[in-house]
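Participant: Below is one structure. I have some questions about it.
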Amino acid sequence: MKLFKAVFQMEMRNILAYRFSFWVNFFGTTFGQLGLSYFLWSSIFGGNKNAIIGGMSFQMMILYSFLAPMTLKTIQGLQLLNINQDIFDGGLNKYIIYPLSYFQFKWIQQITHTLSHLFQLFSGLAFFAIFIGMPTEYKFHSLNIFCFVINLVIASTLFFAMEAIMEMTAFWADNVWSLSVLLRFIIMLLSGAWLSLSLFPEWSQGLFYYLPFKGMVYSPVKILMGNMDYGEWAQSQIMMLVWLCLISLVTRKVWLAGNLRYTGVGI
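When we follow the numbering used here, the leftmost residue of the sequence shown carries the number 56, and every step to the right adds one.
Here you go:
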């Protein structure tokens with residue numbers, strides 16, 4: 056536990072070392088998402104602000120569109136794990152003497168960045184509540200916040216496992232960046248980061264039930280807004296955990312196979 060704490064503190068110091076960049080990023084994200092959400096949905100709702108689209112009012116849709124991209128950024132944590140870079144330049148060697156395994160070290164880095172983005176998200180939500188005002192349909196409950204945080208930790212770990220597979224293809228290929236881009240596109244499309252999943256066709260709703268992506272953005276945002284029952288939320292978490300176990304097995308297989316090709320001086 057002390058080792059985990061030490062890595063967490065080291066990574067947090069690295070994040071806060073550039074405080075100006077940290078807050079510029081926060082305000083840029085907050086104002087950018089808020090402005091985009093307002094003008095987009097004002098155009099879609101037109102003059103009828105009392106209409107209901109995808110089960111949400113105009114105010115709730117703006118709040119969802121404000122929170123969803125920030126939630127996506129939060130679960131992506133490090134964005135890039137740089138496993139491919141460690142493979143190419145022989146950087147894996149230094150982890151041999153570390154008291155933690157390579158993936159333990161990377162996972163702590165991932166969660167640390169997730170928590171720093173989570174702070175920005177809650178700060179953005181507070182800004183929204185103070186200067187814009189929360190929708191009347193918004194239901195605040197401390198249990199919802201607890202579920203939201205737990206959801207983000209699971210989703211961040213799932214993204215970590217997915218991204219690790221993409222980057223570990225560097226054991227066999229030179230250019231793996233496009234695979235990470237493809238993964239991000241799929242997650243943005245199917246997680247509800249671009250559009251609420253309730254806006255998708257009826258036939259696709261059953262498909263989302265079995266995929267891991269619903270629990271990555273749509274479920275945490277909806278539970279935070281008090282707009283999802285706990286049973287549906289729990290189902291999305293179970294599905295993510297099932298996929299996490301399966302993907303973790305694949306990650307381990309790829310890692311073991313890739314290590315047989317690693318020479319210690321890079322690829």
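Glycine residues also receive a C-beta, built at the ideal position from the N, C-alpha and C atoms.
Quick check: leucine 58 and leucine 155, are their CB atoms within less than 7 angstroms of each other?
Facilitator: Position 3 of the sequence shown holds residue 58. Position 100 of the sequence shown holds residue 155. Result yes, Cβ atoms of leucine 58 and leucine 155 sit closer than 7 angstroms.
Participant: With contact counted as at least three CB pairs below 8 angstroms, one residue from each stretch, are the region 252-263 and the region 221-233 in contact?
Facilitator: no
Participant: Between phenylalanine 63 and threonine 167, how many whole angstroms is the CB-CB distance? I'm expecting something under 8 angstroms.
Facilitator: For this step, residue 63 is matched to residue 8 along the sequence shown. For this step, residue 167 is matched to residue 112 along the sequence shown. That belief holds up - the Cβ atoms of phenylalanine 63 and threonine 167 are roughly 5 angstroms apart, short of 8 angstroms.
Participant: Touch check for the region 144-151 and the region 291-309: three-plus C-beta pairs under 8 angstroms?
Facilitator: no
Participant: Give, in chain order, every unbroken run of the alpha helix (DSSP H) that is at least 4 residues long and sits entirely within the region 84-160.
Facilitator: 113-131 and 138-144
Participant: Using beta-carbon positions only, say whether leucine 170 and leucine 299 come within less than 7 angstroms of one another.
Facilitator: On the sequence shown, position 115 is the one that residue 170 refers to. On the sequence shown, position 244 is the one that residue 299 refers to. Taking 7 angstroms as the Cβ cut-off, leucine 170 and leucine 299 do not qualify as a contacting pair.
Participant: What is the rounded straight-line gap between the Cα of phenylalanine 182 and the Cα of methionine 283?
Facilitator: Position 127 of the sequence shown, counted from the first residue, corresponds to residue 182. Position 228 of the sequence shown, counted from the first residue, corresponds to residue 283. Cα to Cα, the separation comes out at about 23 angstroms.
Participant: Going by the beta-carbon positions, is the gap between glutamate 222 and isoleucine 130 smaller than 7 angstroms?
Facilitator: Taking the first residue of the sequence shown as 1, we reach residue 222 at position 167. Taking the first residue of the sequence shown as 1, we reach residue 130 at position 75. Contact: no.
Participant: Rounding to the nearest angstrom, what Cα-Cα distance links tyrosine 153 and asparagine 105 in this structure?
Facilitator: In the sequence shown, the residue the question calls residue 153 occupies position 98. In the sequence shown, the residue the question calls residue 105 occupies position 50. Taking the straight line from one Cα to the other gives about 58 angstroms.
Participant: Tell me whether leucine 122 is buried or exposed, calling it buried when 16 or more other Cβ atoms sit within 10 Å of its Cβ.
Facilitator: Within the sequence shown, numbered from 1, the residue matching residue 122 stands at position 67. That one is buried.
Participant: Using the Cα positions of tyrosine 273 and tyrosine 157, report the straight-line distance between them to the nearest angstrom.
Facilitator: Your numbering for residue 273 matches position 218 in the sequence shown. Your numbering for residue 157 matches position 102 in the sequence shown. Rounded to the nearest angstrom, the two C-alpha atoms are 31 angstroms apart.
Participant: What three-state label does DSSP hand glycine 270 in the structure shown?
Facilitator: Working through the sequence shown from its first residue, we reach residue 270 at position 215. In this structure, glycine 270 counts as helix in the three-state DSSP scheme.
Participant: So, for lysine 161: in the same chain, excluding its five sequence neighbours on each side, which residues have a beta-carbon less than 6 angstroms away from its beta-carbon?
Facilitator: Taking the first residue of the sequence shown as 1, we reach residue 161 at position 106. Result list for lysine 161: Leu136, in chain order.
Participant: Does the distance from the C-beta atom of leucine 238 to that of methionine 217 stay below 7 angstroms?
Facilitator: Taking the first residue of the sequence shown as 1, we reach residue 238 at position 183. Taking the first residue of the sequence shown as 1, we reach residue 217 at position 162. In this structure, methionine 217 lies closer than 7 angstroms to leucine 238 by Cβ.
Participant: Could you compute how far the alpha carbon of leucine 165 sits from the alpha carbon of isoleucine 187?
Facilitator: Position 110 of the sequence shown, counting from 1, holds the residue named residue 165. Position 132 of the sequence shown, counting from 1, holds the residue named residue 187. Note on residue identity: the sequence assigns glutamine, not leucine, to residue 165. One alpha carbon belongs to glutamine 165, the other to isoleucine 187, and they sit about 32 angstroms apart.
Participant: Decide if threonine 318 is buried, meaning its Cβ has at least 16 other Cβ atoms within 10 Å, or exposed.
Facilitator: As a first step, residue 318 is located in the sequence shown; it is residue number 263 there, counting from the start. That one is exposed.
Participant: So what does DSSP say about isoleucine 242, is it helix, strand or coil?
Facilitator: Indexing the sequence shown from 1 puts residue 242 at position 187. Helix, per DSSP.
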